[in-house]
Each structure stands twice: as C-alpha cells, then as structure tokens.
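**Q** One gets my numbering by counting positions in the sequence shown from 1 and adding 4 to each. Every residue gets a Cβ at the ideal spot worked out from N, C-alpha and C, and that includes glycine. Note that this is a predicted model, so its numbers are computed, not measured.
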Amino acid sequence: MSQSTTQRRAHRDPGEHAVAIAEAVDTAWNQSNHSGRRDVALSVVAALSLISQRDPHGPDLAEQLRAQTAEDFAGTLREIYTSVVNSRPDLTHLLYPLMHWVFDEPRPALQRAAKHTADAALHAGQLELTGTDNRYDTDLLGIVLTLLKSDSAGKANAQIYTPSALAETMGEVLMAELNTPRENESIMDPAVGTGGLFRAAAQVMRAKGQDPSTVSWYGADIDDLAIAACAVNSLLWRLGPHMLLCVADTLTEGDWARRAEAQRTEILQLTEKIRRDKLMINAVRAAQRLTELVFDDDDPDTDDRPGDQE
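#1: Is Val-23 near Ala-125, with beta carbons less than 8 Å apart?
#2: So Ala-252 and Trp-260 are supposed to be a Cβ contact under 8 Å. How far apart are they, rounded?
#3: Along the alpha helix (DSSP H) that carries Ala-195, what are the first and last residues, could you check?
#4: Residues bridged to Gly-223 by DSSP?
#5: Sorted by chain position, which residues of the same chain lie with C-beta nearer than 7 Å to Ala-232's C-beta, five sequence neighbours on each side aside?
#6: In this structure, how does DSSP classify His-38 when only helix, strand and coil are distinguished?
#7: Checking 8 Å against the spacing of the C-beta atoms, do Ala-224 and Thr-254 come in under that value?
#8: Determine the direct distance from the alpha carbon of Gly-244 to that of Lys-212, and round the result to whole angstroms.
#9: How would you write the range of the alpha helix (DSSP H) that Thr-80 sits in, first residue to last?
#10: Does DSSP classify Trp-241 as helix, strand or coil?
#11: Thinking Ala-235 and Leu-95 are a contact (beta carbons under 8 Å), I'd like their distance in whole angstroms, please.
#12: Does the stretch 116-123 come within contact of the stretch 63-74, defined as at least 3 CB pairs closer than 8 Å?
#13: Would you kindly check if the distance between the Cβ of Arg-82 and the Cβ of Leu-229 is under 8 Å?
#14: To the nearest angstrom, how far is it from the Cα of Trp-221 to the Cα of Thr-295?
#15: How many angstroms separate the CA atom of Ser-36 from the CA atom of Ala-74?
#16: Would a C-beta distance cut-off of 8 Å place Val-49 and Gln-130 closer than the cut-off?
#17: Could you give the DSSP three-state label for Arg-186: helix, strand or coil?
#18: Where does Ser-39 land, buried or exposed, given buried means 16+ other C-beta within 10 angstroms?
#19: Express the C-alpha separation of Arg-293 and Thr-136 in angstroms, rounding to a whole number.
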C-alpha cells in the first residue's frame, strides 16, 4: 500500500472509516457460505484490532497478513487470542464466544472464509483505524456486529448500536450525573452493547485530565457476542483492568452486577490455581531430572571412567 493512501486514511473521519471497513467485512463474509457464523467474522475484526504496525519504517504488517495462507492466518488468530488470555485472564470467559472456533478442530472452508474477510478488512485500512489513536473515536466492532446482524447493509446507519455523536452526548450526560468526573469511580450500563457509552465516557474523562483506567466498568447485555466485543473494546480503548461484564437480561436479573463480580473472581482464582499447578509440575519435573542425573552418576554400569579400562 502506498504511503499517500495510508496518509489519506489517517486523516479520514474515524466514524466514516469504521463504516467503510464494516461494509467491506460484511460484503466479504456474505460472499462465503458461512453467513450464519457471524461470530467468526467478528472475531477476525476483533483480533486485527488488537495488533498494530509497531515500526513505521518496517515491513508493512497488513501486507504480511494478506500474504499468509488461510491456515497460517488461523494460527495468527490463535496467537493473538492466546496472548490476550495470558495477559488478561479475567476476560477469558467473556471472549470465549469470539475465539472458541479458532481453537476447535480446523475446518479449512471456515478458515478460508475468515481469511477472505480479514483481507477485506485490511484492504479497507483497518490497521490505520484500530492501530492508531483514531480507535478512541469510534466503535468499529459495534458497527461490524450490527451489519452482520442486519438483513440489508443499507440499513446499517439506522441500526448502529449508538452513533458516535449521540454516544458523546450521552457520555457527557452520564458523567454529569456522576457530578465532576473522578478517578476510581464505578460506572454502570445495563444495556452496554459493545461499549459505545463506555468509550464516550472515557473520552470525556481524558478531556478533563482524568484516567479512565482507574474506573470500574460494569456492563451487561443479552447478546454474548456484544459482550465479547465490549471486552475487546475495553483493551482497544484502554479502559483498564476493572471490567465487570456479563451476559444477562437486566430486565429480569436485578443482581447482574454481583454475578459479574463473582464470575470475574472465579476466573481469576482458577487462573491462579492453574499458575500454581504449573509451577508445581515444573518443580516436580526438575526434581525428576535431577534425580535421574544423580542415579546415572551412581550407576556403575554406566560409569565409563578411563582408569577402569584395561
């Protein structure tokens, strides 16, 4: 891709750019025979949003990804999601609806459809949006999910979870209701979708010199893919480590926030147990190797000292 093309995209309105990427993804995915598997298409965009061109003078990351085979790209997706789970184990159960297919038994046709969709997103310049500060100004995953759910791409603008301008205004209202924005507060959205209002609230905080990563973000939605996308967005928008999300119908489940806390605590405790078990296993293996070395040294049948030879 030429430098001039990249520069034009860098100066493009983030909201318009997000819609263009989402439309390219939706078109590419619908050209496959897996249109019902919107989780796969969304997982591709979500994974791509978590990587970026680190060296502006190095090899073009988008070109490298496009050059991969479908099987190799599936491996890249596994690496991305494995890295996320290792660094943020508290999000594992939330991300599962997006990433489980990558770790299942390989299905070549599905891998090819995913690669075709990734190529479309990359060609539309996703890395120039999600790999730059422009990512703070729009909710790409929300737009993608809405288009994938829609019967007609033409209805996209009317179905976006929360348009950026409206989200900004609602974010201002939300923060006003909390009085002066302060760090270490809790913010709750019982119809969080993919987190558009969280993004707007975080932008308001940054504009006022506050750090949104200190906030505890509580959100629920009945759609597990929306919650998974919200979890990815929390990383993309750097909302910090205190994400308490759950899949729930908040109209019938009044204590959903407590359940979100319990799920997060449980997954972190499980992660710590696994970590301790791994350390114990490694220690046992090291002890076994040491014991084998000691016994090998004491075994006269294996002792080949020169002085014992005739």
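**A** Looking at the coordinates:
#1: Taking the first residue of the sequence shown as position 1, residue 23 is located at position 19. Taking the first residue of the sequence shown as position 1, residue 125 is located at position 121. For Val-23 and Ala-125, no; Cβs fall outside 8 Å.
#2: Translated into the one-based positions of the sequence shown, residue 252 becomes position 248. Translated into the one-based positions of the sequence shown, residue 260 becomes position 256. Between Trp-260 and Ala-252 the Cβ distance is about 4 Å, and since that is below 8 Å, they are a contact.
#3: Position 191 of the sequence shown, counting from 1, holds the residue named residue 195. Looking at the DSSP string, Ala-195 is not in any alpha helix (DSSP H), and its letter there is neither H nor E.
#4: Start at 1 with the first residue of the sequence shown, and residue 223 comes out as number 219. Asp-193 and Leu-249.
#5: Position 228 of the sequence shown, counting from 1, holds the residue named residue 232. Excluding positions up to five away in sequence, the list reads Leu-98, Leu-99, Pro-101 and Leu-102.
#6: As a working note, residue 38 is residue 34 in the sequence shown. DSSP places His-38 in coil when its eight states are reduced to three.
#7: Here the question's residue 224 lines up with position 220 in the sequence shown. Here the question's residue 254 lines up with position 250 in the sequence shown. The answer is yes: Cβ separation under 8 Å.
#8: Position 208 of the sequence shown, counted from the start, is the residue given in the question as residue 212. Position 240 of the sequence shown, counted from the start, is the residue given in the question as residue 244. It is roughly 17 Å from the alpha-carbon of Lys-212 to the alpha-carbon of Gly-244.
#9: On the sequence shown, residue 80 is found 76 positions in, with the first residue counted as 1. Counting along the chain, the alpha helix (DSSP H) containing Thr-80 begins and ends at 74-91.
#10: Reading the sequence shown from its first residue, position 237 is the one you call residue 241. The answer is coil: DSSP assigns Trp-241 none of H, G, I, E or B.
#11: Working through the sequence shown from its first residue, we reach residue 235 at position 231. Working through the sequence shown from its first residue, we reach residue 95 at position 91. About 5 Å; that satisfies the 8 Å criterion.
#12: yes
#13: Here residue 229 is taken as the residue at index 225 of the sequence shown, counted from 1. Here residue 82 is taken as the residue at index 78 of the sequence shown, counted from 1. No, they are not a contact pair.
#14: Sequence index remark: in the sequence shown, residue 221 carries index 217 (1-based). Sequence index remark: in the sequence shown, residue 295 carries index 291 (1-based). If you take the alpha carbons of Trp-221 and Thr-295, they lie about 51 Å apart.
#15: Along the sequence shown, one-based indexing puts residue 36 at 32. Along the sequence shown, one-based indexing puts residue 74 at 70. One C-alpha to the other measures close to 14 Å.
#16: In the sequence shown, the residue the question calls residue 49 occupies position 45. In the sequence shown, the residue the question calls residue 130 occupies position 126. Yes. Within cutoff.
#17: Taking the sequence shown and counting its residues from 1, one reaches residue 186 at position 182. Here Arg-186 sits in coil by DSSP.
#18: By one-based count along the sequence shown, residue 39 stands at place 35. Exposed, because fewer than 16 other Cβ atoms sit within 10 Å of the Cβ of Ser-39.
#19: For the purposes of this step, residue 136 is taken as residue 132 along the sequence shown, with counting starting at 1. For the purposes of this step, residue 293 is taken as residue 289 along the sequence shown, with counting starting at 1. CA-CA distance, Thr-136 to Arg-293, rounds to 48 Å.
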